[in-house]
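Asker: If you count by my numbering, then the sequence shown holds residues 8 to 96, one letter each, in order. A single structure is presented below for examination.
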Amino acid sequence: MWIIGRLAADRTRRLTPLQLARLLRSAATEKKAWDPVVIDVREQTSIADYFVICEGETDRQARAIADAMMEAAKTRDRRPLAVDGYDDA
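In structure tokens, the structure reads:
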């Protein structure tokens, strides 16, 4: 019973923006994304703290990377403000 409670607490524990960005970069890396980077944009914009940018070799891989990143965010009850590349992929 304690494990279930702990898992629920871990799932809903609030991530810092940097922790979330690192989680998304890790999800992209698991799908073999090329050069995933976290860019600190706190001083350039108020809409986001970090951008996570990467690329894939094929359209299919790019979609899989984006899906994995969105699923990783969803497991932490977060949703992306924007996802770019689905229309182009």
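No residue lacks a Cβ here, since even glycine has one placed at the ideal position from N, Cα and C.
#1: Just to confirm before moving on: does the CB-CB distance between Ile-60 and Val-44 stay below 8 angstroms?
#2: Using only the alpha-carbon positions, how far apart do Glu-62 and Met-77 sit?
#3: Helix or strand or just coil, what does DSSP make of Glu-37?
#4: Helix, strand or coil for Pro-24 per DSSP?
#5: Per DSSP, which residues does Tyr-93 bridge with? Please list them.
Answerer: In short, the structure shows the following:
#1: For Ile-60 and Val-44, yes; Cβs fall inside 8 angstroms.
#2: Rounded to the nearest angstrom, the gap between the Cα atoms of Glu-62 and Met-77 is 15 angstroms.
#3: Secondary structure at Glu-37: helix, using DSSP grouped into helix, strand and coil.
#4: Helix at Pro-24.
#5: Paired residues: none, contrary to the question.
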